[in-house]
Structures are given as C-alpha cells and as structure tokens.
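A quick write-up on the structure given underneath.
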C-alpha cells in the first residue's frame with residue numbers, strides 16, 4: 031500500500047477556570063484511532079500521542095501533516111469555545127494551524143463530530159480556516175458507536191488509493207497441437223527398437239528371441255499406466271477425497287510431509303539393500319536418488335517460496351489449484367476473524383475473482399472432446415506412450431518376420447504376433463480413455479462444487495467487511511436529518 035497517512039486533528043487540552051486540563055473526549059479519539067489503525071494499518075494513521083520520546087514536536091507534526099492525504103478533524107461539543115479562547119489570548123493553536131495548512135495544500139478534510147457537537151457558523155471562524163465549515167461531516171453518536179465507526183472507516187477508504195495487488199494474469203491453457211507429433215513418436219519408437227536389435231544382435235535366432243521379449247516388455251510397460259489410470263478412475267471418489275484433504279493442508283505441513291516421506295524412502299532403501307548391494311554400489315544408488323530429489327526439489331521449493339506471497343497473480347487451470355485457492359481464502363478469513371481490514375478484504379475478493387475466471391476456462395477444458403483433449407495434453411503424457419506403442423507393435427511384427435526367416439513355422443506364431451500388436455494398441459487406447467475420463471470427472475466435480483463455495487465465501491467476506499456508508503441526497507429537504515448531517519450543521 032502506498033505511503034498515505036490519515037492525520038487525526040483534535041483538541042487535547044482545554045482551559046477550565048484558568049487551569050489547563052485534559053479534555054474528556056480524548057479517550058474517544060484514541061478509540062477511533064485504534065479502530066482506524068486496525069483497519070488501515072498502524073503506520074497509516076497518525077496521532078500525536080504516538081511520537082517517540084525526545085522527538086521534536088513541531089517538526090514531527092509538520093512532517094506528518096505535509097505527508098498526509100486526509101485530515102480527520104475530531105470536534106467535541108466545546109470545540110468552538112476552545113478555539114475562541116485561544117483566539118482571544120492570541121496563543122499558538124496547533125488545531126487551527128493543521129486545518130489551515132491542510133486547506134492551503136488542498137488536502138482532503140473530514141470533520142467527525144462527537145458528543146452532539148456541531149460545526150460552527152462559517153462567519154465566526156478565522157478567515158484562514160473558514161472553508162472548513164462547509165465540509166461534509168460524519169457523526170459518532172452515543173449508542174451507535176459500532177455503526178458510526180464502520181461508516182467512518184468506509185468514508186475514509188474513499189479518500190485513499192485502492193489496495194495495491196498484483197495484476198492478474200489471464201488463465202492459460204495448452205492449445206491443441208498438430209497431429210504429426212504422435213505418428214512421429216510412434217515411428218521413432220519402432221525405428222529405435224529395430225535399429226538397436228539389428229545393430230547389436232547379428233544372429234537371427236537371438237534377434238527373434240529378443241524381439242519377442244521386447245514386445246512383451248512393451249506390453250507390460252503399457253499395461254502399468256493403463257491399469258493405474260483405470261484403477262484410479264474406478265476409485266475416483268476415494269482419490270478425490272484424498273485430493274481434497276491434501277489441498278486443505280497448510281503449505282508448511284505439506285512441506286513437512288514431503289520431506290518426511292523422502293527421508294523415510296531413503297532409509298527403507300538403505301535397509302533393504304544392506305545385504306543385496308555392496309557399500310559402493312549402495313552409496314552410488316543413494317547419490318543418484320539424492321541427485322534426482324535435489325534436481326526436482328529445488329524448482330519446487332522456489333515455487334513454494336514464491337507462493338508464500340499471497341495472492342499470486344496467476345492461478346493454474348486445474349482442480350487442485352482451484353480448491354487450494356478456495357482453502358486459502360477460508361484460512362484467510364479464519365485467521366483475520368472477526369473483522370477484515372481493507373487489504374485483507376481486497377485480497378479475498380481478488381482470489382475469488384481469480385477463481386471465477388479460472389472456472390470459466392476449466393469449463394472449456396471439461397467440454398473438450400477426446401481428440402481435442404489428446405492433442406492438447408502434455409507431451410510427457412502422450413509422446414512416450416506413443417513411442418512405446420511403436421516399439422511394441424514393431425517388435426511383435428519384426429519377431430514374427432525374423433522367426434519365419436529362420437525357416438521355422440508354427441500356427442501360434444501369428445497369433446502371438448497379433449496378440450502383441452492388439453495388446454499394445456488396446457492398452458494405449460485404454461490408458462488414454464481412462465486419463466480422459468478421470469481428468470474430465472475431476473474438473474466437473476470442482477465446477478459443480480466451486481460456485482456454491484465461492485458464493486458462501488463472498489458472503490463471509492461481505493459480512494466481515496466494513497459496509498458502505500448510507501447514501502445521502504444531493505439536495506436535502508430543510509428540517510430533515512439529512513440536512514443536519516450536511517456541512518452547514520451548526
């Protein structure tokens with residue numbers, strides 16, 4: 031937030047029976063300032079009682095006054111009489127000086143009347159502060175403290191600049207790519223496998239065995255993601271519950287869990303390989319694992335560190351990010367309960383608006399057809415898969431050809447070849463179908479639940495925020511309450 035100070039002007043001491051004494055309304059002033067500071071921040075509201083010991087009073091007051099944006103003049107019932115006493119005695123009057131300086135510099139001035147006070151007649155004021163009597167005022171009256179202070183806070187907000195938040199980055203999604211990538215990956219898989227076998231295995235008999243074995247390995251490699259995705263989709267409600275609980279965890283707890291799992295995995299690996307590998311081989315394996323953890327962990331930690339500055343300008347378009355953002359708003363409201371100050375409220379609205387934009391894009395993704403989704407899916411999901419399909423199908427076909435080239439023949443050979451090719455293709459299609467259905471279901475679940483939750487959170491933010499001030503007519507009818515609240519209140 032920019033350096034914008036609300037300078038509170040008030041009369042601290044008065045003269046009674048020629049004796050200077052502290053005026054009773056100063057406690058009300060301190061209570062008002064405390065509420066303003068709670069809302070705008072402790073350094074945004076200046077009251078002279080907060081100056082440091084030994085600080086030069088006139089210089090500090092002038093410095094804060096010149097740097098302020100708004101002058102709040104708190105007026106008690108005897109305000110005019112106290113001003114007149116100082117005029118009659120020709121005494122230095124800081125209240126008058128501050129108002130005059132604010133008028134001269136064109137600052138915003140907001141009179142706040144307490145204890146049934148009224149604005150003085152403009153003609154009775156010194157010329158240098160006479161325009162002050164025409165300023166629109168606010169009241170804080172007995173019995174309406176909470177309502178009047180909240181209205182005052184909202185009024186002060188209108189004089190200050192909006193909260194500075196990062197400019198939102200529009201949600202970004204991957205666009206469908208051109209088709210040559212998948213056929214190219216399939217052809218590369220076939221060419222790489224055949225080139226490797228025929229280059230390193232000159233014996234025809236060995237080639238047939240190795241090709242058959244590689245075809246079986248490819249089928250198994252394709253079976254693993256198909257089975258994993260299929261099982262995950264079958265247990266999608268349970269997995270979705272885990273995802274929901276995971277996103278609800280605080281970030282610090284997630285870090286502790288991840289670090290604990292990594293250390294536990296390393297410990298289990300060392301224990302299980304104690305008698306299988308010699309110390310050198312085991313240390314080499316541990317070094318490789320640690321290297322992988324560091325390589326993958328450093329970027330993750332950087333992302334985590336950047337995410338601590340909340341809110342972030344960009345929200346990833348996926349269900350986990352949407353749920354995490356809504357959980358962050360929930361924690362934000364609980365942390366700052368029962369009342370939100372201005373920047374806390376603006377941050378919550380910022381994230382809720384951001385989630386709303388992301389849901390629009392998420393709905394577009396959920397409505398994509400299978401072919402469009404596949405073309406836009408991550409290359410790390412589609413291209414290695416296609417590479418394996420090309421390797422498996424080519425290995426099965428080449429194994430049959432090499433087998434026949436040796437002069438041998440059996441009725442089951444074409445069956446095994448067809449089974450290998452068909453298995454590769456079907457497992458590939460099954461994995462793609464399961465992945466498509468799983469991602470679509472996750473998105474639809476969030477799209478169904480998130481709007482209701484956004485509405486609930488908005489209601490909570492509205493309830494915990496300062497309400498807008500009551501609208502006042504431009505031309506009040508004489509004799510009404512609206513006229514009494516105008517700048518001519520006397």
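Numbering (our numbering), first residue to last: 31 to 520. Even glycine gets a Cβ: it sits at the ideal position worked out from N, Cα and C.
Contact check, residue i vs residue j, beta carbons under 8 Å
| i | j | result |
| --- | --- | --- |
| residue 212 | residue 412 | yes |
| residue 67 | residue 75 | yes |
| residue 179 | residue 65 | yes |
| residue 106 | residue 52 | no |
| residue 422 | residue 227 | no |
| residue 418 | residue 385 | no |
| residue 347 | residue 388 | yes |
| residue 101 | residue 37 | yes |
| residue 376 | residue 193 | yes |
| residue 170 | residue 144 | yes |
| residue 158 | residue 130 | yes |
Closest Cα partner of residue i within the set the options
| i | options | result |
| --- | --- | --- |
| residue 293 | 273, 339, 193 and 324 | 324 |
| residue 469 | 492, 404, 426 and 458 | 404 |
| residue 205 | 100, 394, 124 and 232 | 394 |
| residue 479 | 302, 447, 356 and 376 | 356 |
| residue 322 | 144, 296, 375 and 309 | 296 |
| residue 380 | 440, 487, 400 and 209 | 487 |
| residue 138 | 61, 39 and 270 | 39 |
| residue 150 | 385, 243 and 113 | 113 |
| residue 401 | 209, 196 and 368 | 209 |
| residue 136 | 95, 218, 269 and 232 | 95 |
| residue 341 | 199, 73 and 130 | 199 |
| residue 274 | 78, 315, 236 and 352 | 352 |
| residue 537 | 481, 366, 451 and 372 | Nothing about residue 537 can be read from this structure; the chain reaches only from 31 to 520. |
| residue 58 | 103, 85, 483 and 35 | 103 |
Residue-level contact to chain B via CB, residue i, 8 Å cutoff
| i | result |
| --- | --- |
| residue 113 | The question asks about chain B, but that chain is absent: this structure has only one protein chain. |
Residue i - containing beta strand (DSSP E), residue span
| i | result |
| --- | --- |
| residue 98 | 98–105 |
| residue 189 | Counting along the chain, residue 189 falls outside any beta strand (DSSP E), and DSSP gives it neither H nor E. |
| residue 37 | 35–39 |
| residue 168 | 168–170 |
Rounded distance between the beta-carbons of residue j and residue i, thought under 8 Å
| i | j | result |
| --- | --- | --- |
| residue 349 | residue 472 | 5 Å |
| residue 245 | residue 425 | 4 Å |
| residue 443 | residue 430 | 6 Å |
| residue 252 | residue 457 | 4 Å |
| residue 382 | residue 490 | Wrong, their Cβ atoms sit about 10 Å apart, outside the cutoff. |
| residue 476 | residue 392 | 7 Å |
Extent of the continuous alpha helix (DSSP H) run through residue i
| i | result |
| --- | --- |
| residue 67 | 56–70 |
| residue 206 | First-last for residue 206: undefined, no H or E at that position. |
| residue 141 | Unbroken run through residue 141 is the beta strand (DSSP E), 138–144; no alpha helix (DSSP H). |
| residue 351 | 349–365 |
| residue 486 | 442–494 |
| residue 124 | 124–134 |
| residue 114 | 109–119 |
| residue 396 | 372–396 |
| residue 199 | Note, residue 199: premise wrong, no alpha helix (DSSP H); not H, not E. |
| residue 240 | 234–264 |
- Message: With a threshold of 8 Å, are at least 3 pairs of Cβ atoms found where one atom belongs to the stretch 248–268 and the other to the stretch 459–469?
- Response: The stretch 248–268 is in contact with the stretch 459–469.
- Is the stretch 165–182 in contact with the stretch 110–130, if contact means three or more CB pairs nearer than 8 Å? no
- Message: I'd like to know if the stretch 156–170 and the stretch 188–203 are in contact, where contact means that at least 3 CB-CB pairs between them fall below 8 Å.
- Response: no
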